[in-house]
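Sequential numbering from 1 applies to the sequence shown in the UniProt record's numbering.
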Amino acid sequence: MASIPIYQMSLFRMPNIVVRRLEKLQRDFLWGGGNMERKAHLVKWEIVCGDKGRGGLGLRRLGLMNKALLGKWIWRYACERENLWKQVIWAKYGQEEYGWRSKKPNGAFGVGVWKEIMKENEWCWDSLELRVGKGNKIRFWTDVWCAGTALSQSFPHLFALAVDRNATVEEMWDQNSDQGGWNLRFLRNFNDWEVGMVGDLLLKLRGLRPALEEDSISWKGGKSGRYKVKMAYSGLVNPSDIVFPEKSIWVNSVPTKVAFFAWEASWEKVLTLDRLQRRGWHLPNCCFLCGCAEESVNHILIHCTVVRALWELVLGL
Numbered sequence: 001m002a003s004i005p006i007y008q009m010s011l012f013r014m015p016n017i018v019v020r021r022l023e024k025l026q027r028d029f030l031w032g033g034g035n036m037e038r039k040a041h042l043v044k045w046e047i048v049c050g051d052k053g054r055g056g057l058g059l060r061r062l063g064l065m066n067k068a069l070l071g072k073w074i075w076r077y078a079c080e081r082e083n084l085w086k087q088v089i090w091a092k093y094g095q096e097e098y099g100w101r102s103k104k105p106n107g108a109f110g111v112g113v114w115k116e117i118m119k120e121n122e123w124c125w126d127s128l129e130l131r132v133g134k135g136n137k138i139r140f141w142t143d144v145w146c147a148g149t150a151l152s153q154s155f156p157h158l159f160a161l162a163v164d165r166n167a168t169v170e171e172m173w174d175q176n177s178d179q180g181g182w183n184l185r186f187l188r189n190f191n192d193w194e195v196g197m198v199g200d201l202l203l204k205l206r207g208l209r210p211a212l213e214e215d216s217i218s219w220k221g222g223k224s225g226r227y228k229v230k231m232a233y234s235g236l237v238n239p240s241d242i243v244f245p246e247k248s249i250w251v252n253s254v255p256t257k258v259a260f261f262a263w264e265a266s267w268e269k270v271l272t273l274d275r276l277q278r279r280g281w282h283l284p285n286c287c288f289l290c291g292c293a294e295e296s297v298n299h300i301l302i303h304c305t306v307v308r309a310l311w312e313l314v315l316g317l
């Protein structure tokens with residue numbers, strides 16, 4: 001069910017009301033089965049949509065998946081050169097100086113496809129890094145090409161003193177010296193306390209120099225440097241510190257229903273008598289096996305004397 005709208009989500013922004021409706025269908029199907037019976041939703045949907053290693057079922061939030069799929073067009077626009085679709089966008093909206101980004105559509109009316117895609121521009125570019133080739137399409141100070149952050153952010157004081165704040169990497173490189181070197185031009189000589197900043201900047205630039213190939217773009221999180229929807233989705237999800245015993249729960253040789261029950265039990269979401277009472281049921285709470293304590297998840301599965309004897313028998317085999 002989660003994969004049905006993928007094609008549409010890769011090009012069009014899904015309205016929030018549609019997202020909520022589809023996720024409701026997913027929840028009803030998960031807890032109610034194929035007949036969509038009305039049953040209790042035991043585990044929060046935010047947890048269900050987490051990775052299995054974080055205690056979820058590996059489902060995807062449709063709204064975030066939609067953003068990750070649309071973000072790929074931002075990546076493609078920066079990477080692809082002569083493709084027809086890019087030429088159409090360029091002709092309609094224009095592009096920034098070096099062609100990495102389209103200009104933002106500013107029309108007051110309409111909900112154009114590209115207008116919606118460009119709403120993903122900011123977070124997507126936060127995860128992109130420019131790779132220096134010739135250096136003629138990368139701004140030395142303001143673009144992200146060195147150590148994951150723009151030099152204007154790492155060295156704001158030096159940036160304020162720069163002669164040309166929009167200079168490219170190619171323009172800041174002096175090819176006339178023996179092996180080439182950085183020609184950093186500033187408005188004035190440095191004070192003693194500023195010399196250390198210049199040293200730190202040169203240390204960060206050590207080993208970096210323009211090359212013969214064209215400038216390119218890279219996705220920060222991946223080994224290949226290419227945009228992966230799965231990786232982009234993971235970056236949009238709020239990080240979780242939960243460590244879940246995934247390999248102990250989801251075992252291939254164990255029937256899915258049994259593994260699913262173990263997953264529910266690990267979150268203490270089984271409908272034992274104590275949980276039914278919390279849901280407003282008026283009934284006495286007493287373990288039907290031992291009759292000595294109230295029924296809870298931990299009691300009925302671990303601490304009950306009858307269950308403990310069963311565990312001792314099984315583990316003793």
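Think of the CB as a built atom: it goes at the ideal place given N, C-alpha and C, for glycine as much as any other residue.
Contact defined as beta carbons within less than 8 Å: I believe residue i pairs with residue j. What is the distance between those atoms, to the nearest angstrom?
{"i": "Gly133", "j": "Ala211", "result": "5 Å"}
{"i": "Glu246", "j": "Gly53", "result": "5 Å"}
{"i": "Met65", "j": "Tyr233", "result": "6 Å"}
{"i": "Leu201", "j": "Leu236", "result": "The pair is not a contact, with the Cβ atoms about 33 Å apart (cut-off 8 Å)."}
{"i": "residue 334", "j": "Val307", "result": "In the structure as shown, the chain begins at 1 and stops at 317. Residue 334 is therefore absent and cannot be evaluated."}
{"i": "Gly222", "j": "Met231", "result": "6 Å"}
{"i": "Leu205", "j": "Trp182", "result": "6 Å"}
Out of the options, state which residue places its alpha-carbon closest to the alpha-carbon of residue i.
{"i": "Ala78", "options": "Val243, Trp31 and Leu128", "result": "Leu128"}
{"i": "Val229", "options": "Gln175, Gly71 and Leu313", "result": "Gly71"}
{"i": "Leu289", "options": "Leu276, Trp145, Arg279 and Leu310", "result": "Leu310"}
{"i": "Val169", "options": "Asn189, Asn136 and Cys146", "result": "Asn136"}
{"i": "Ile138", "options": "Ser248, Leu64 and Arg165", "result": "Arg165"}
{"i": "Arg131", "options": "Arg76, Leu69 and Ala147", "result": "Ala147"}
{"i": "Ser248", "options": "Gln26, Gly55 and Leu283", "result": "Gly55"}
{"i": "residue 318", "options": "Arg20, Asp143 and Gly291", "result": "As shown, the chain starts at 1 and ends at 317. That puts residue 318 outside it, with no answer to give."}
{"i": "Glu194", "options": "Gly207, Pro156 and Trp173", "result": "Pro156"}
{"i": "Cys286", "options": "Trp125, Cys304 and Asn106", "result": "Cys304"}
{"i": "Val251", "options": "Val18, Phe261 and Arg209", "result": "Phe261"}
Taking 7 Å as the cut-off, decide whether the C-beta atoms of residue i and residue j are in contact.
{"i": "Trp141", "j": "Ser154", "result": "no"}
{"i": "Gly187", "j": "Leu161", "result": "Sequence inspection shows Leu at residue 187; the Gly mentioned does not correspond to that position. Yes, these two residues count as a Cβ contact at 7 Å."}
{"i": "Gly94", "j": "Lys103", "result": "yes"}
{"i": "Leu22", "j": "Leu62", "result": "yes"}
{"i": "Asn121", "j": "Ile89", "result": "no"}
{"i": "Arg20", "j": "His41", "result": "no"}
- prompt: Residue ranges of each alpha helix (DSSP H) run of no fewer than 4 residues wholly in the region 186-236, ordered along the chain?
  reply: 192-205 and 229-236
message: Check whether the region 7-14 and the region 111-131 are in contact - that is, three or more C-beta pairs closer than 8 Å.
response: Taking 8 Å as the limit for Cβ pairs, the verdict is that the region 111-131 does touch the region 7-14.
message: Whether or not the region 212-221 and the region 34-54 are in contact is what I'm after, with contact meaning three or more pairs of Cβ atoms, one per stretch, closer than 8 Å; do they touch?
response: no
Cβ pair count under 8 Å reaching 3, the region 258-271 against the region 290-310: yes
- prompt: In chain order, which alpha helix (DSSP H) runs of at least 4 residues are fully inside the region 37-117?
  reply: For the region 37-117, the continuous alpha helix (DSSP H) assignments of 4+ residues that do not extend past its boundaries occur at 45-48, 62-79, 84-93 and 113-117, in sequence order.
query: Taking three-plus beta-carbon pairs below 8 Å as touching, is the region 216-225 in contact with the region 172-182?
result: No, they do not touch.
field: Continuous alpha helix (DSSP H) assignments of at least 4 residues falling wholly in the UniProt domain "Reverse transcriptase zinc-binding" (227-311)
entry: 229-236, 246-249, 256-266 and 273-278
message: My parser needs the alpha helix (DSSP H) runs of 4 or more residues fully inside the region 115-151; what are they?
response: Fully enclosed alpha helix (DSSP H) runs of 4 or longer: 121-126.
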